[in-house]
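Inspection log for the structure reproduced underneath, given as C-alpha cells.
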Amino acid sequence: MKRLIVRFVILLAIVAAGLFAYAWKPAIDPATPPQRADFDQELIEKGAQLAAVGNCTACHTNPGGRSFAGSFAMPTPFGIIYSSNITPDPETGIGQWSEAAFSRAMREGVSRDGSHLYPAFPFDHFTRVSDEDNKALYAFLMTRPAVKQSPLANELPFPLNIRFVLAGWKLLFFDEGAHQNVASRSDEWNRGAYLVDGLGHCGACHTPRNAFGAEKPDAYLAGGEAEGWSAFALNEASPAPVPWTADSLYAYLRRGWHADHGVANGPMAEVTGNLGLLPDSDIRAIAVYLESLMGTPSAEREQRGEQALKAAAASDLVLASASGAQDDTPAARGETIYYAACATCHDSNRPQPFGGSNLHLSSALNAPDPQNAINVILFGLPAASGRQSSIMPGFAAIMNDQQMSDLLAYLREEFAQQPNWDDVASRLTDTRSGKYHVSVRPSDGIERGPDNVGAKDQ
Amino acid sequence: MKLTVNGTAHEVDADPSTPLLYVLRNDLGLNGAKFGCGLGQCGACTVMVDGKAVFSCLTPVMLLEDREIKTVEGLGTIDNPGPMQTAFIEEQAAQCGYCIPGMMMRAQSILEANPDATDDELRHGLEPNLCRCGTHMRILRAVSKARTLMKSASAAPAVERA
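Given below as C-alpha cells:
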C-alpha cells in the first residue's frame, strides 16, 4: 500500500512537471524601443491596413482616449478584462517588445514576460497570421505615438485571475499554427479565408462559444454574440431574407450598407468603418470566401428573396395603413403602432442608406432571436459626430414594454412570416434595464481615439 | 382619449395614430413644439414624456395614455420663466428660435436626470437636436447657466434674480 502511494505521488509529480513545462513560458529580454527609421514606410502602411483588418483599435482604445493605449473594459461572462496598452511606450506599453516577442504573442498568446494572455485577445485567430504580416503589424504599432498609460487591473474571480490557469484553456481549446491554404480553391478564396480566420477574427463574434468561452469548432461562423448584439450566421443559416452574394457582401463591407440588407449596426459598424482602409481586392476576397460558406441558396430561398424584394419595392407611404382589423391580438395592436410610429420612415421608399430600410429585407426580424430588433427599437441608431450617417431615433422613452412587445409580434409575423420569439418579454426587460448590456454605436465608422487612422497621417 | 400635458388632463378627440405634435399644436394650442422634419431627425418637436425627451412628431398619442407630457410651456410663463427659459433669455440664445423649444426640452430632461451633467455630457446629450443658424455656442452657454439656475431655483425664484 505504501509503495502504491509512493508510485501515485511520483506519477502525480511527473504529470505536474509536464503540465508546468507546458504552461511555463520564458520571458523574452526587453529590447531597446525601435525608431521610425528602422522601418520601411511601405511596411508601416501595410501594417496600418492589417491593423484595420484586425480591428485592433476597437478594443485597444477607449472611446475618446489615446489610440491603442488600452484600458478599454471588455465585459465577458467571467468578469471584466481591460485591454493592454499596445503603443510603444517602454514602461506601460510594448516599447520593450522585440519583434520576436510580438510574434509570439500573436502566435501563442503569451506576453513578453512569459505570462499567458487571456483569449479576449483573439490569439486563437491571430495564430494564423503570417510572419510577414506580423512584421508589418509590428512596424505599424511601434511607430504609433507612445502613450504612458498603465492598463487597469482585470476584474476576474479566483482562479481565473491566475494567468497560469490559461495554459489549461489552451491545452483544451487552442489550435496553434499558421493558416493552411486549400489547394483546390482560388487564390482569392484562400486570401479571404486567411483574412476571415486570421486577423479579421470574424469568428470571435460570429461563432458561438462554449461554457469556457472558447469558440465551438463544430459551429464555425454559425452565429454568435458581440457586445449585446447577435452576430448573425455567416453560413447557410444566414437569416438575410435576400440571400447574400459576393457582390452584395463586397458592397456591404466596403460601404457599411447595402440596399437589400440595410446598414451595419452595433459592433459591426466599427468593422465596416475600419475596413475602409483596406484595398478593394482584400474586401472582394473576404466576400468571395463568405459567399462560399453560405453556399448556393435553394430555389425556395431564392424565391423568398425575390418576394421580399418585390414586397419592399411595392411599399408606398401614401397607401400604407393598418389593415383595419380590430382584433385585440398583440400583432393587431402592433400593426397599429407600426403604421403610426414606424411607417413614416420604413415605408417611405427613400433610398438607402439614409432612408429607413424596408423591413421585408430585415435580417434582424428573420433572426433566431429578437435581440437586435429589440436593441434597434429601444436605442435606435445614433448620429455620428461630424459626418453624415444613417440614423434612427430610439423608442425607449416612447413605448413601454407591452407596446414594444406588441410591435415585435406584428413585425415578426408580417415581415418574417414566422411565429413570434418566445423570449421577447424577458429580453426587453433586461435590455431596457441595462442588466443585459448593449453597446450602441453610430453606423459605419470607427469612433475611438483621435489619431487612429492610417500610417500616412503623421 | 385622455392626455396629461403640463399637469393638466385634457380630453382629446383625435385618431389614436395622430402624432402628439399635431395634437399639442392643433387641438391644445400649445405651439411651442415645432414641426421640422417629421422624421425624428431634427429635434424641433422635442417634448418630455415621463421626464424623458422624445420626438413628438413620431409619437402617436395612442402610446401616451397615463403618461406625463411636458412641453416648453410647462417650464414657466412669460411673466415667470423657469430656470431653463431664464438662462436662454439671459444668454440671448436664439437666432431664428425655431429649434429652441426642442433644445430647452432636451436640456431640461438631461438636467432633471442628472443635475450635475458635465459640459461634455450636455453637448453629447443635445446631439439629436439641430440648429441651422449656428447658435450652438450660445445654446451651450445657456444650458450650462440653466444647470446653475436649476440648482438654486428653489432658493431664489428666477424672476426675483432678474
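Chains as they are written, first to last, in UniProt numbering: chain A, 1 to 458; chain B, 1 to 162.
Virtual Cβ for every residue (Gly too), placed ideally from N, Cα, C.
- When Cβ pairs closer than 8 angstroms are counted between the two stretches, the stretch 34-54 of chain A is seen to touch the stretch 131-143 of chain A, the count reaching three or more.
- For T336/A, the chain B residues whose Cβ falls inside 9 angstroms of its Cβ are P16, S17, P60 and M62, in order along the chain.
- With its beta carbon at least 8 angstroms from every one in chain A, E121/B lies outside the interface.
- With respect to chain A, the C-beta atom of E90/B has no partner C-beta closer than 8 angstroms.
- Against chain B, the CB of M399/A has a partner CB under 8 angstroms away; the residue lies at that interface.
- Sequence-distant Cβ neighbours of V263/A in its own chain, meaning closer than 6 angstroms and more than five residues away, are W257, P353, S390 and S443.
- Neighbours of Y339/A in chain B, taken as residues at a C-beta separation under 8 angstroms, are given in chain order as S17.
- Taking 8 angstroms as the upper bound on Cβ-Cβ separation, chain A lies near residues E127 and P128 of the stretch 119-144 of chain B.
- Taking 8 angstroms as the upper bound for CB-CB distance, A222/A and A237/A are in contact here, some 6 angstroms apart.
- Around the beta carbon of Q35/A, fewer than 16 other beta carbons lie within 10 angstroms, which makes this residue exposed.
- Listed along chain A are A397, each with a C-beta nearer than 8 angstroms to that of A53/B.
- When the Cα atoms are used, K145/B and I162/A turn out to be separated by approximately 50 angstroms.
- CA-CA distance, A101/A to L117/A, rounds to 13 angstroms.
- What V49/B touches in chain A, judged by beta-carbon distance under 9 angstroms, is A397 and I398, going in chain order.
- Of the residues G213/A, P208/A and F174/A, the one whose Cα lies closest to the Cα of A231/A is P208/A.
- Fully contained in the stretch 103-131 of chain B is no beta strand (DSSP E) run of length 3 or more.
- Measuring C-alpha to C-alpha distances from G203/A to each of I44/A, R128/A, I14/A and P90/A identifies R128/A as the nearest.
- Under DSSP, Y82/A forms a beta bridge with A73/A.
- Residue contact check for G36/B against chain A: no CB pair falls below 8 angstroms.
- Nearest CB-CB separation between Q307/A and chain B: not below the 8 angstroms threshold.
- Here D197/A is buried, its C-beta having at least 16 other C-beta atoms within 10 Å.
- Within the same chain, K25, R104, H116 and L117 come within 8 angstroms of V110/A by CB-CB distance, once the 5 residues on both sides are set aside.
- When S67/A, E414/A, P119/A and L152/A are compared, the shortest CA-CA separation from A311/A is found for E414/A.
- In the three-state reduction of the DSSP assignment, V440/A falls in the coil class.
- Short of 7 angstroms from the beta carbon of A416/A, and not among the five residues preceding or following it, lie these beta carbons of its own chain, in chain order: L365 and N366.
- With a cut-off of 8 angstroms on Cβ pairs, the stretch 114-127 of chain B is not in contact with the stretch 28-40 of chain B, counting fewer than three such pairs.
- The three-state reading of DSSP puts H60/A in helix, counting H, G and I together.
- DSSP assignment within the stretch 279-336 of chain A yields the following whole alpha helix (DSSP H) runs of 4 residues or more, N-terminal first: 280-294 and 299-314.
- For Q108/B, no Cβ of chain A is located within less than 8 angstroms of the residue's own Cβ.
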